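**Q** Questions regarding the structure given below will be posed in turn.
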Amino acid sequence: MNIDRQLANRALSAVGEPQLNETDKESKSFLLVKKFYLPTMLESLEMIPWTSGKKRARLEKDLSENHTDYSGAFKLPIDCGKIIELKDKSYYIVEGKTLYTDAAEAVLLYITNGKLPEGMGNVDDDFPDYDPPEYEAMFYQAFELRLASKFALELSGKPELHKMLLQEAAMIEEAAYRNTKTLSAGKKKGNSWWFD
1 MNIDRQLANR
11 ALSAVGEPQL
21 NETDKESKSF
31 LLVKKFYLPT
41 MLESLEMIPW
51 TSGKKRARLE
61 KDLSENHTDY
71 SGAFKLPIDC
81 GKIIELKDKS
91 YYIVEGKTLY
101 TDAAEAVLLY
111 ITNGKLPEGM
121 GNVDDDFPDY
131 DPPEYEAMFY
141 QAFELRLASK
151 FALELSGKPE
161 LHKMLLQEAA
171 MIEEAAYRNT
181 KTLSAGKKKG
191 NSWWFD
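Following UniProt numbering, the numbering of the sequence shown begins with 1 at its first residue and continues without gaps.
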C-alpha cells in the first residue's frame, strides 16, 4: 500500500504544512506522514464497524494449550482489524491473535485492515505489508481528520486545533456508525417454513 498523497496533502494543509510532491521521499513532511499514516489508518478502522470493510472467515483451530474456561481456540485472520461478531452470536474472548469460544466452529465477521501474509506485498510500496483499503467516503474523511489532528499536535503544539480536528472526525464516525446500523437493521433471513 502506498500513501494516498492527496489525502495526506489535505491533512497537511489543514495544519498549514507544506504539501508532498509525487516523488517526495525525504522531506520533513513525508517523514511525518510516514510516521503517522498507517497507525492512524488502523486506529480509524477500529473506531466503528465500517460497512465496506466487513469480511467473513471460517477460523482455523489453534492447537496451542488453552488455559481459559472456553472449550475452543481459533486463530484470528492476519487482516483482522476489528471483530464484530461470531456467526452464531456465541460469546468469546480474544487474547493476542487467538479467539476463545465454546462454539464447535467459528465463523467470524470482522473489519479487515488489509494486512497481507508475509512476503505477499510489493516491496516498493510505502507499507509493503498492507493492501490499500477500499472503504466508504466517510472513512476517508474521518481518517484524514484524525491524521491532521496528529500533525497538529506533533508540529504546531496547538492542542486546540488537535481537539477540534479530532471532534470533527468523531462527528463523521458517529454519522457513519448510524449509517452502518441503518444498513444492518432488519436484514435477517425469513422463516424458511413460511410460504407465499
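All residues carry an ideal CB built from backbone N, CA and C; glycine is no exception.
In this text the structure is predicted, and so the values were computed from the model without any measurement.
Just to confirm, are D24 and Y70 a CB contact at a threshold of 8 Å?
**A** Taking the sequence shown and counting its residues from 1, the one referred to as residue 24 is at position 24. Taking the sequence shown and counting its residues from 1, the one referred to as residue 70 is at position 70. No, the pair does not count as a contact, with Cβ atoms beyond the cut-off.
**Q** Helix or strand or just coil, what does DSSP make of A148?
**A** Locating residue 148 in the sequence shown gives position 148, where the first residue counts as 1. Helix, per DSSP.
**Q** Start and end of the alpha helix (DSSP H) containing K35?
**A** Along the sequence shown, one-based indexing puts residue 35 at 35. 28-47 is the span of the alpha helix (DSSP H), which, as asked, contains K35.
**Q** With L109 as the anchor, note down where its alpha helix (DSSP H) starts and where it stops.
**A** Position 109 of the sequence shown holds residue 109. That residue, L109, is in no alpha helix (DSSP H); its beta strand (DSSP E) goes 107-112.
**Q** Please list, in chain order, all residues of the same chain as E173 whose beta carbon is under 6 Å from its beta carbon, the five residues on each side excluded.
**A** As a working note, residue 173 is residue 173 in the sequence shown. Cβ within range, chain order: M47, I48, A142.
**Q** Suppose you measure from the CA of E26 to the CA of K150; what does that come to, to the nearest Å?
**A** Mapped onto the sequence shown, residue 26 falls at position 26. Mapped onto the sequence shown, residue 150 falls at position 150. Each residue's alpha carbon lies about 19 Å from the other.
**Q** Give me the Cβ distance between K115 and D126, rounded to the nearest whole Å; I'm assuming they're in contact under 8 Å.
**A** For this step, residue 115 is matched to residue 115 along the sequence shown. For this step, residue 126 is matched to residue 126 along the sequence shown. Their Cβ separation, rounded to whole angstroms, is 15 Å, which puts K115 and D126 out of contact at 8 Å.
**Q** Quick one: any contact between the stretch 55-73 and the stretch 90-106, if contact means 3 or more CB pairs under 8 Å?
**A** yes
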